[in-house]
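Count the sequence shown with numbering that gives the first Met the number 0 and you get residues 0 to 458, in order. Glycine residues also receive a C-beta, built at the ideal position from the N, C-alpha and C atoms. First up is the structure itself, then whatever we jot down about it.
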Amino acid sequence: MNLVILAAGQGKRMRSDLPKVLHPLAGRPLLAHVLETARSVAGALGLPAEVVVVVGHGGARVEEALAGYEGIRFVTQQPQLGTGHAVLQAVPMLHDAGPTLVLYGDVPLIRATTLVGLLRAAGDGVALLSARVPDPTGYGRIVRDAAGRVTRIVEERDASDAERSIDEINTGILAAPTLRLKSWVAQLRNVNAQREYYLTDVIELAVREGAPVTACVAPDASQALGVNSKSQLAQLERIVQQNSAERLMQLGATLADPGRVDVRGDVSVGVDVFIDIGCVFEGRVELADRVKVGPYCVLRDTTVGPGTEVAAFSHLDGCRIGASARVGPYARLRPGASLDDEVHIGNFVEVKASRVGRGSKANHLAYIGDAEVGSRTNIGAGTIVANYDGANKHSSRIGQDVQVGSNSVLVAPIEVGDGATIGAGSTVCREVPPGGLTLARARQVTIAGWKRPAKKVKA
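Next comes the structure, spelled out in structure tokens:
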């Protein structure tokens, strides 16, 4: 089968330099949603698929954005003379055998099950996807005869008053046998107000040939919604987020307010997970049983173990957290951070590319970078692992049962032995042996009767 995705439009009403199909919806470009759905359709039918994306405005940027997807062929529509003209550009790339499904890069909510039904309904003719909406303004209308058969599609600017009153709209999505579609597209003419080649005119050509024409009404009108403005994009974002929140609750999560959680990736949850307001999830996030996420946290590509609590305003990116740990508030875990079970990372603590062993704590105002910290170690407030010399990053190892006093600096590369104690305010540059007390700070001097300098009196 062939999958043709039209993605050439400029989207003037978006008032943006970014091609319309690249605007993000739930963290991914509009076009990516459509592409992934299209591939799901081919998988559901067990058919190999030729994917052709028709680009135009910002075509190079669109191709670059899809560089991670394999098996896509691009064709440029230049100039842009309508949807029929766009499909015509893809014709040389289409295999004659099997059906062709035409999709739109700015209609991202269409579901694979709906498209599978559309393809099966097409048979030897053409099947188009329609929807019934309370306000059809701006959409092409489905015109039927007295017997309810589809006779043609009329664009609003070309419609009569009677036709404008029709509430069944054309989504633009259609399926047809490839050879027939090629023939019909080749016959399109631009006799209309816009002087464009409308793909919708294929319906009238099919009727003339006596080919069966079926209009499948979308089970949910939101599947047919397109994006032509920032307002419409925001409307679709709310629909997607509402669906995501509903899915999380069905899986067993409790949301403090389903309307104030944003999912911009793939989130899996265990039982009795609690998510407070204002949280954002990006990439792949896994929350095990009984995880609690406080308000206004951001989690990206992160795994959180059972019974762990993430307190308010914490930012977790590319990290792994074990069971029964405590993170935050205002904590930052950067890529490569790995916390074992029962670790405590407190307020204004940053961990980067480091492993922190079971039961260890860094409760206040600390930075741990490129380090391995053993179990049951305590990192005092204000401690810094100085891992960067201005040119290169260096690694450090801090053993188990270590006590690091407040306001200490560990200058990497360095190794601190098991059971060592580092006195507060120390700047440690050499290896610390196990079990002892290490002090590395200036000697305190007190000058009795010290008088502070007086300010000079201005003339």
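Where residue i sits in the DSSP three-state scheme
i: Val212; result: strand
i: Glu285; result: strand
i: Thr199; result: coil
i: Arg148; result: coil
i: Leu30; result: helix
i: Ser267; result: strand
i: Val456; result: coil
i: Arg188; result: coil
i: Lys450; result: coil
i: Thr445; result: coil
i: Ala370; result: strand
i: Gln222; result: helix
i: Arg354; result: strand
i: Thr36; result: helix
i: Val206; result: helix
i: Leu44; result: helix
Beta-carbon proximity of residue i to residue j, cut-off 8 Å
i: Val216; j: Ala130; result: yes
i: Val3; j: Val53; result: yes
i: Ser337; j: Arg325; result: no
i: Leu93; j: Thr177; result: yes
i: Lys19; j: Asp105; result: yes
i: Val401; j: Ala390; result: no
i: Ala330; j: Gly345; result: yes
i: Gly42; j: Ala7; result: no
i: Ile202; j: Ile168; result: no
i: Arg375; j: Gln399; result: yes
i: Leu44; j: Leu118; result: yes
i: Thr99; j: Ala161; result: no
i: Val350; j: Asp339; result: no
i: Val190; j: Arg151; result: no
i: Val303; j: Asp275; result: no
i: Glu371; j: Gly358; result: no
i: Val40; j: Val125; result: no
i: Pro334; j: Ala310; result: no
i: Tyr365; j: Ala352; result: Note that residue 365 corresponds to Ala in the displayed sequence, not to Tyr. Against a cut-off of 8 Å, the Cβ pair of Ala352 and Ala365 comes out as no contact.
i: Leu173; j: Leu128; result: yes
i: Gly416; j: Pro433; result: yes
Chain-order list of residues whose beta-carbon lies under 7 Å from that of residue i (same chain, five-residue window excluded)
i: Arg179; result: Ala210
i: Ala535; result: This structure leaves residue 535 out entirely; the chain is present only between 0 and 458.
i: Ala89; result: Val3, Val51, Val53, Val74
i: Gly282; result: Gly264, Arg299, Asp300
i: Val262; result: Ala25, Gln240, Ser243, Phe280
i: Ala192; result: Arg156, Asp157
i: Gly137; result: Glu155
i: Val268; result: Leu247, Leu250, Gly251, Ala252, Leu286
i: Ala31; result: none
Residue i, enclosing alpha helix (DSSP H) - first and last residue
i: Arg259; result: First-last for Arg259: undefined, no H or E at that position.
i: Ile238; result: 229 to 249
i: Lys181; result: 177 to 185
i: Arg396; result: Element bounds for Arg396: not the alpha helix (DSSP H) but the beta strand (DSSP E), 395 to 397.
i: Ala385; result: Where Ala385 is concerned, there is no enclosing alpha helix (DSSP H), although the beta strand (DSSP E) it sits in stretches over 383 to 385.
Spatial neighbours of residue i in its chain, beta-carbon cut-off 6 Å, leaving aside the 5 residues before and after
i: Leu187; result: Gly83, Tyr196, Asp200
i: Pro91; result: none
i: Val297; result: Val279, His314
i: Asn227; result: Arg12
i: Arg289; result: Asp271, Pro305, Gly306
i: Leu87; result: Val184
i: Lys360; result: His343, Asn377
i: Leu198; result: Thr82, Gly83, Val86
i: Ile367; result: Val350, Ser353, Val384
Residue i, enclosing beta strand (DSSP E) - first and last residue
i: Arg140; result: 140 to 143
i: Ala6; result: 1 to 6
i: Ala361; result: 360 to 363
i: Ala161; result: Segment 160 to 163 is the alpha helix (DSSP H) holding Ala161; no beta strand (DSSP E) there.
i: Leu409; result: 408 to 410
i: Lys351; result: 349 to 351
i: His22; result: Where His22 is concerned, there is no enclosing beta strand (DSSP E), given that its DSSP letter is neither H nor E.
i: Gly498; result: Since the first residue of the chain shown is 0 and the last is 458, residue 498 is not available in this structure.
i: Glu154; result: It is not in any beta strand (DSSP E) - Glu154 carries neither H nor E in the DSSP assignment.
i: Ile413; result: 413 to 415
i: Val52; result: 49 to 54
Close Cβ partners of residue i (< 8 Å) along its chain, the five nearest in sequence each way excluded
i: Gly424; result: Gly404, Ser405, Asn406, Ser407, Arg440
i: Pro218; result: Thr113
i: Glu69; result: none
i: Arg72; result: Glu49, Val50, Val51, Val52, Met92
Run through the segment 296 to 337 for me and flag every whole beta strand (DSSP E) of 3 or more residues, listed as ranges in chain order.
The beta strand (DSSP E) runs lying completely inside the segment 296 to 337 and spanning 3 residues or more are 297 to 299, 314 to 316, given in chain order.
What are the start and end residues of each continuous beta strand (DSSP E) run of 3 or more residues lying completely inside the segment 58 to 142, in chain order?
71 to 75, 98 to 103, 125 to 131
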